[in-house]
Every structure is written in C-alpha cells, then in structure tokens.
Amino acid sequence: MSGTHAHSAAFVRDRMIPQEPPPDRSIGALGWLRQNLFSSWLNAALTLVSLALIGALLAAVLPWVVHSSWTANSLSECREQIKAAYGPEESGACWAVIRERWSQLIFGFYPSEIYWRPILAFGTALGGLAPVLFPGVPRRALYLTAAAPFLVPWLLWGGTVWLPVAVAFGFVLGYAGFRVVAPWAGGILGAIAAGLVPVLWWLLLAGKAAGGLQEILPLGIEPVSSRNFGGFMLSITIGLTAITLSLPIGILLALGRQSRMFIVKVICVGVIEFVRGVPLITLLFVAWLLLNYFMPPNTNFDIILRVIIMVTLFASAYVAEVIRGGLAALPRGQYEAADALGLDYWKAQRLIVMPQALKISIPGIVSTFIGVFKDTTLVSIIGLLDPVGFSNSIRADVNWNGIVWELYGFIALMFFIFCFSMSRYSMYLERRLRTGHR
Amino acid sequence: MSDTAIDRSRLTVSDEVAIQILGMNKWYGAFHVLRDINLTINKGERIVVCGPSGSGKSTLIRCINRLEEHQSGKIVVDGIELTNDLKHIDQVRSEVGMVFQHFNLFPHLTILENCTLAPIWVRKVPKKEAVETAMYYLEKVKIPEQANKYPGQLSGGQQQRVAIARSLCMRPNIMLFDEPTSALDPEMIKEVLDTMIQLAEEGMTMICVTHEMGFARQVANRVIFMDQGQIVEQNEPEAFFNNPRSDRTRLFLSQILGH
Chain R
1 MSGTHAHSAA
11 FVRDRMIPQE
21 PPPDRSIGAL
31 GWLRQNLFSS
41 WLNAALTLVS
51 LALIGALLAA
61 VLPWVVHSSW
71 TANSLSECRE
81 QIKAAYGPEE
91 SGACWAVIRE
101 RWSQLIFGFY
111 PSEIYWRPIL
121 AFGTALGGLA
131 PVLFPGVPRR
141 ALYLTAAAPF
151 LVPWLLWGGT
161 VWLPVAVAFG
171 FVLGYAGFRV
181 VAPWAGGILG
191 AIAAGLVPVL
201 WWLLLAGKAA
211 GGLQEILPLG
221 IEPVSSRNFG
231 GFMLSITIGL
241 TAITLSLPIG
251 ILLALGRQSR
261 MFIVKVICVG
271 VIEFVRGVPL
281 ITLLFVAWLL
291 LNYFMPPNTN
301 FDIILRVIIM
311 VTLFASAYVA
321 EVIRGGLAAL
331 PRGQYEAADA
341 LGLDYWKAQR
351 LIVMPQALKI
361 SIPGIVSTFI
371 GVFKDTTLVS
381 IIGLLDPVGF
391 SNSIRADVNW
401 NGIVWELYGF
411 IALMFFIFCF
421 SMSRYSMYLE
431 RRLRTGHR
Chain F
1 MSDTAIDRSR
11 LTVSDEVAIQ
21 ILGMNKWYGA
31 FHVLRDINLT
41 INKGERIVVC
51 GPSGSGKSTL
61 IRCINRLEEH
71 QSGKIVVDGI
81 ELTNDLKHID
91 QVRSEVGMVF
101 QHFNLFPHLT
111 ILENCTLAPI
121 WVRKVPKKEA
131 VETAMYYLEK
141 VKIPEQANKY
151 PGQLSGGQQQ
161 RVAIARSLCM
171 RPNIMLFDEP
181 TSALDPEMIK
191 EVLDTMIQLA
201 EEGMTMICVT
211 HEMGFARQVA
221 NRVIFMDQGQ
231 IVEQNEPEAF
241 FNNPRSDRTR
251 LFLSQILGH
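Quick look at the structure:
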C-alpha cells in the first residue's frame with residue numbers, strides 16, 4: 001500500500017509506480033473516432049450534418065462529371081450525345097472541349113512540331129531546381145542548376161545559341177570585375193563593379209558580340225515569337241521565373257531594409273513600400289503600355305520579359321516583408337554569438353541568420369509564391385494568352401460558344417495541382433528542418 | 001559551491017599584459033553606463049566581476065570583444081587596440097572566446113557543426129582538422145557522445161558546456177563568461193563550473209561575470225565589484241570576502257551571502 005498516513009505530513013514512498021499503458025478508450029481507430037468526431041453531443045451532431053452536406057454536394061456534382069461527352073466536336077453535338085446516352089432530362093459535362101483544345105491550353109500557339117522544346121525546357125528547369133530543393137540529389141546536378149537560367153530561355157524562344165552564351169559571359173565579367181577591383185578598392189566598390197560591368201556589357205556589347213559570333217559560326221534553333229506563347233506554358237514561364245528570382249531579391253531587400261547604411265535602407269524601404277502599395281494589375285499595365293517609353297528608341301523589349309520583371313518585383317517586395325518577419329523573430333543572442341566567434345556580416349548572414357530566418361518564414365514565403373503563381377492569370381487582361389485568356393478565345397469560337405464550367409474547372413484543377421504540390425513541399429521542408437525536439 | 005579540489009599552486013599569472021583598459025567611458029543614449037574604467041589584466045589571470053544588476057558588469061566584458069562600442073578611452077586586447085577598424089575587431093574576436101548566459105548555440109546546426117563552423121569559416125582550418133579539434137574539446141567538456149544531436153535535444157548544462165567547447169575550438173587566448181550559470185537549473189550549475197575550473201587550471205585568462213561566490217573564492221585571483229558603472233572595489237578573493245573595505249561592497253555581500 002502506498003497511500004499517505006492520514007494525520008502525518010511525513011511520507012516516504014516505498015515502491016515506485018511502473019509505467020502502465022493508457023486506457024483502451026483513448027487509443028486505436030475507435031479512440032480516434034471518439035476523440036475527433038464524436039467527443040460531445042454537439043460535435044457528433046456537427047459531424048453528421050457535415051457528412052450529409054458533403055453527400056448532397058457529391059450527389060449533385062458527380063453525375064454531371066460522369067455523364068459526359070469526350071468525343072463531340074462542338075457544344076451542341078455534346079448535348080445531343082449526352083441526351084442520347086443518359087436520357088433527355090440529363091445534363092452533363094462536355095469534356096470534349098478539353099480533348100480538342102488541351103494542347104493549346106498547355107502550349108498556346110507554340111508550333112506543334114517543336115513541343116519538345118518547352119517540354120525539355122521545363123525538364124531542365126526542374127532538374128536544375130532538384131538539387132536545391134532536395135538534399136538527396138547528387139551535388140553534381142548543381143551544374144545543371146547553373147546552366148538552366150541560360151538553357152531554358154534559349155529552348156523556349158530559340159534563336160542563336162550565342163545570345164545565352166553572351167549573357168552568361170556577363171556574369172563571368174562581373175566576377176572578374178569584383179576580383180580586380182575589390183583587393184585595392186574594398187568590398188563595397190568591388191560589389192558595385194561586379195554589378196555595373198555586366199550591366200554595361202549586356203546593354204552595349206552582348207547583342208553585337210552574339211551577332212558577330214553567329215556570323216562566324218552560325219549555330220541556332222528556330223526562333224519562336226513571344227506572341228505564340230500561351231496556356232500553362234506561359235503561366236509556368238512567368239511564375240517559375242518570378243518565384244526563383246524573387247527569393248534572392250527578397251532576401252537582399254529584407255537585409256537592405258535592416259541595414260545601418262542610410263542610403264541602402266532608404267532605397268530598399270522605398271522599393272518595398274512602393275511595390276506593395278500598388279496593385280499588380282497596374283504594374284502589368286505599366287509593363288504593357290508605358291515601359292517602352294523609357295527605353296532607348298528602337299529597342300523592342302519583349303512583352304513577356306517586361307511582365308516577368310514586374311511580377312518578380314511584385315513578388316520580391318512581399319517576400320522581403322515575410323523574411324523581415326523571420327529576421328525579427330530571431331533572438332539577438334544569435335547575432336551576438338556569430339559576432340563573438342569572429343564571423344563577418346555576410347558569413348553571419350549566410351551561415352547563421354538566413355538559415356534560421358528563412359526556416360521561420362517558410363509558410364509565409366510559400367503562401368506568397370502560391371499567390372504569385374495564381375496572379376499570373378492577370379496577364380490575360382493585358383492580352384497575353386495564359387489559360388484564362390485562352391479560355392476566352394475558345395469560348396469565342398462558334399463551336400464552343402456558351403461553354404463555361406468545363407474550361408474553368410480544368411484550369412482550376414491544373415492550378416490546384418501546382419499550388420497543392422508547392423504547399424506539400426513546404427510542409428516537407430518544415431518537417432525536414434525541424435531540429436528542436438526529435 | 002563546487003567541491004572539485006583545485007590546486008592553487010598550479011595557477012600561475014604571467015607578467016605579460018592580456019587586456020588593458022584606460023579611462024574607458026560608455027553611454028547608452030544619455031545614460032552613462034560605464035564611467036572611467038581603468039583595468040589591466042595579465043595573462044593567466046582569473047577575474048570574477050560581480051555587482052548588482054544594472055551595474056555595468058556585462059557591458060564591461062562585452063566591450064572587450066566589441067559587442068558593445070565604447071565612446072571614449074582605450075581598450076587594448078593582446079596588443080590590438082579596439083577601434084572602428086573592422087579588421088582589428090575581427091582579429092580580437094577570433095582571439096577572445098565568449099560564453100553567454102543563454103548559451104546562444106545555433107539551433108539549426110548539430111553540436112559538432114556548432115563547434116566547427118567558426119574554425120572552418122574564420123580560421124580557414126580544413127574540415128577534417130576542425131572536426132578533430134571539436135571532438136577533442138567536446139571530450140574535454142565530457143559530451144562527445146552528443147556530437148550529432150541538435151542543441152534543442154540537450155539539457156541546459158550540456159548546452160552551456162557545448163558553448164564553452166565551441167569557443168575553445170577557436171583556440172582563444174582569453175575567455176569571457178557572461179553569467180554562464182544564471183540560466184541553469186541548480187542541478188546543472190556544478191557541471192559547468194567544473195568545466196570552468198578545469199580551464200583555469202590550464203592557464204586560460206578568464207573574466208567571469210558571475211554570482212557564484214564559491215567559484216570566485218576557489219578560482220579567482222582577483223574579484224572586482226562594480227556599482228553604477230564604476231569599479232568600486234577590487235581585491236584578492238580572501239580579502240574581498242573577509243574584509244570588504246567599501247560600505248557598498250559590504251551591503252552587497254551581506255545580501256547575496258546572508259540568506
């Protein structure tokens with residue numbers, strides 16, 4: 001017996017209680033049901049009402065989805081086929097429009113004999129992202145990561161191979177500029193040189209160099225105009241570029257906003273607040289209508305490139321603010337420990353601060369990315385044929401006039417697949433980086 | 001507090017100066033936190049700094065590795081004067097180790113990575129060598145078996161010992177301790193103090209802000225009492241504890257030892 005003696009404060013346990021299993025009621029499938037669905041009368045009632053609602057919804061929608069036509073060539077033919085197959089009162093989905101137009105919904109007016117190029121381009125992009133996203137991928141794949149930014153646009157737009165080579169050479173020049181200037185003029189001037197030299201190269205010489213090389217050694221593939229881009233290919237091109245570029249730019253903006261250098265800080269705050277204060281659609285109109293006025297005459301600045309710049313800018317400002325939240329959540333002691341060990345600013349940021357701040361910000365960053373990807377549908381307003389823009393032109397076709405649900409349903413499903421995978425990836429990442437208590 | 005026997009005869013102090021502070025003043029905004037600090041510390045000295053909270057003791061040792069900037073006077077560490085020159089600051093910081101009240105381990109890195117990070121990135125030590133050094137010091141603080149865990153999986157006392165090992169991996173000449181046992185459960189204070197005693201025996205120059213008066217008596221060769229940003233009294237531990245000369249010191253000692 002191990003009870004206390006009634007009237008005495010003194011107590012000595014003579015036997016330690018061993019661990020015992022929990023009562024049956026709280027474990028197993030029954031325990032789960034009891035805890036989560038039927039824990040009280042109110043909870044049980046809510047469970048039953050919800051089940052009834054879900055059932056009613058499925059009963060209404062599923063027949064429409066299943067009683068469908070895949071083979072018709074127009075909306076009216078669809079309706080006849082469905083009436084013939086399921087009875088005169090039945091209405092069903094006309095999936096035939098997806099069958100007939102799916103290649104356009106995916107590729108736009110991209111020439112069908114070279115569909116392999118965008119497919120290879122996105123394969124390259126995913127291959128380049130893989131070693132960044134997953135630790136199990138061999139490190140050698142990072143070469144693909146370095147090549148992808150030049151390879152992918154070349155595959156998509158085609159043209160001479162020397163242009164991407166010339167663009168890549170700009171980065172080599174930037175690195176060389178840093179190595180030459182930094183030793184005698186200090187890191188800041190070195191960084192300015194590293195930024196200025198490649199920009200001058202791209203603006204003034206890169207085009208001519210590429211043209212010259214093309215004349216000496218013509219190497220290239222058939223060029224495809226931006227006007228022929230469309231469908232999900234366009235959404236992914238804009239979305240993926242904006243997402244991959246906005247993370248590093250957002251990090252720099254967030255760091256700049258916290259900088260002790262006044263000018264840097266003012267510029268970063270200005271950019272972030274301006275871009276966040278303006279709707280994306282306005283920025284897109286600026287890209288569409290106004291940007292060419294600020295360019296030197298006779299430069300034809302590609303419309304997709306202009307849109308990508310605006311969307312990237314927009315995403316960067318939001319990412320910067322999300323990361324600022326992560327930075328603020330980091331205890332001061334982490335900065336002090338990094339300082340006390342003698343790490344300089346950039347090493348401390350790269351090794352100590354950013355890994356933790358980014359980890360804290362993952363949910364916010366991924367939300368921003370998902371938002372940006374969905375916002376790419378806004379380009380339909382400035383006349384680009386993304387899936388939504390394309391669905392409008394399909395409905396303008398005499399054969400498919402009046403079709404609504406099937407097209408938007410298909411587009412929504414595709415977007416859901418992309419966005420849901422991003423969301424799952426972010427959860428995987430959070431699990432992988434959790435180092436608190438395992 | 002700690003009952004590990006310590007052979008005081010093994011503790012020697014050299015004539016060489018490790019840290020020299022001359023007429024140093026510091027303000028937080030308009031608040032004068034450190035007032036005319038003059039202090040010379042030789043190599044091999046074990047200094048304990050004590051005083052009421054807000055007396056500036058933490059700020060003083062944080063000035064020594066420039067976590068805080070002083071506004072006037074002079075601080076020379078290992079022959080290098082602390083000025084705005086970033087090179088000097090980084091040089092001093094890689095010579096001076098620091099242990100914090102809240103450990104400040106890097107939670108996203110394993111224990112081993114915590115210990116090898118600075119040697120690899122600051123000292124440019126090859127990775128293999130850095131790992132060997134880290135394991136040597138982790139063994140020294142008696143937790144080599146935790147090397148591949150993350151800080152969040154360790155107890156407070158273990159984390160603080162890792163923090164000490166992390167500093168030692170940079171092979172510093174001087175160690176600063178900023179209330180290293182104040183955030184620990186009573187059961188874990190001893191293991192950290194034992195590590196510090198061991199370090200003292202090996203001749204490390206140490207400056208400890210602490211309220212562990214047992215440690216001060218046993219290990220320190222000099223105790224400094226601070227109040228209102230000034231050094232009020234300093235003496236050898238025996239004399240300091242048995243014969244405090246200023247009233248302020250006497251009051252302080254009666255408050256922390258009296259209960």
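Chains as they are written, first to last, in full-length UniProt numbering: chain R, 1 to 438; chain F, 1 to 259.
In this text, a Cβ means the ideal position worked out from N, Cα and C, and glycines have one as well.
- A direct Cα-to-Cα measurement between R/Gly123 and R/Ala320 gives close to 29 Å.
- Minimum Cα-Cα distance from R/Ile365 among the listed residues R/Gly174, R/Phe11 and R/Ser316 corresponds to R/Ser316.
- The shortest C-alpha to C-alpha distance from R/Gly250 to any of R/Leu313, R/Leu203, R/Ala210 and R/Leu234 is the one to R/Leu313.
- Taking the Cα of R/Asp386 as reference, the smallest distance to any Cα among R/Ala185, R/Leu351, R/Val404 and R/Ile106 is reached at R/Ile106.
- R/Ala357 has a beta carbon lying at 8 Å or more from every beta carbon in chain F.
- As computed with DSSP, R/Gly159 is found in a beta bridge with R/Ile221.
- Chain-ordered, the chain F residues with CB closer than 9 Å to the CB of R/Leu343 read Asp90, Arg93, Leu117, Ala118, Trp121 and Val122.
- For R/Ala340, the neighbours in chain F by C-beta distance under 7 Å run, in chain order, Asn65, Leu67, Arg93 and Met98.
- For the pair F/Gln160 and R/Trp201, the Cα-to-Cα distance works out to about 53 Å.
- Of the residues F/Phe100, F/Phe215 and F/Leu199, the one whose Cα lies closest to the Cα of F/Ala163 is F/Phe100.
- For F/Phe103, the CB contacts under 6 Å within the same chain, skipping 5 residues up- and downstream, are Gln159, Gln160 and Ala163 in chain order.
- Taking 8 Å as the CB threshold, R/Glu430 stays off the interface with chain F.
- Under the DSSP definition of a beta bridge, F/Thr40 partners with F/Gln20.
- The Cβ of R/Thr145 sits no closer than 8 Å to any Cβ of chain F.
- The C-beta of R/Ile192 comes no closer than 8 Å to any C-beta of chain F.
- Burial of F/Lys57 is indicated by the presence of at least 16 other C-beta atoms within 10 angstroms of its C-beta.
- Straight across, the Cα-Cα distance linking F/Val17 with F/Lys43 is about 6 Å.
- Along the segment 247-265 of chain R, none of the residues has a CB nearer than 8 Å to a CB of chain F.
- Judged by their CB atoms, F/Glu236 and F/Val209 are not nearer to each other than the 8 Å cut-off.
- With fewer than 16 neighbouring CB atoms inside 10 Å of its own CB, R/Trp116 falls in the exposed class.
- For F/Lys124, the secondary structure class from DSSP, reduced to helix, strand or coil, is coil.
- Contacts between F/Met170 and chain R, judged by CB atoms closer than 9 Å, involve Leu341 and Gly342 in chain order.
- DSSP places F/Ser14 in the coil class of the three-state scheme, outside both helix and strand.
- Chain R has no Cβ within less than 8 Å of the Cβ of F/Tyr136.
- Contact of F/Asn104 with chain R by beta-carbon distance below 7 Å involves Gly333, Gln334, Glu336 and Ala337.
- Taking C-beta atoms as the reference points, R/Leu247 and R/Ala210 fail to come closer than 8 Å.
- Within the segment 70-144 of chain F, the complete alpha helix (DSSP H) segments at least 4 residues long are 86-95, 111-121 and 127-140, listed from N- to C-terminus.
- Contact annotation for R/Ile188 against chain F: no contact, minimum CB-CB distance about 12 Å [criterion: below 7 Å].
- Comparing alpha-carbon positions, the option among F/Gln228, F/Asn221, F/Asp78 and F/Thr116 lying closest to F/Leu11 turns out to be F/Asn221.
- Chain F places no beta carbon closer than 8 Å to that of R/Leu133, leaving this residue out of the contacts.
- Any Cβ of chain F closer than 8 Å to the Cβ of R/Leu351 would place that residue at the interface, and such an atom is present.
- Among the residues of chain F, those whose CB is under 7 Å from the CB of R/Lys347 are Trp121, following chain order.
- By the criterion of at least three beta-carbon pairs nearer than 8 Å, the segment 322-333 of chain R is in contact with the segment 348-367 of chain R.
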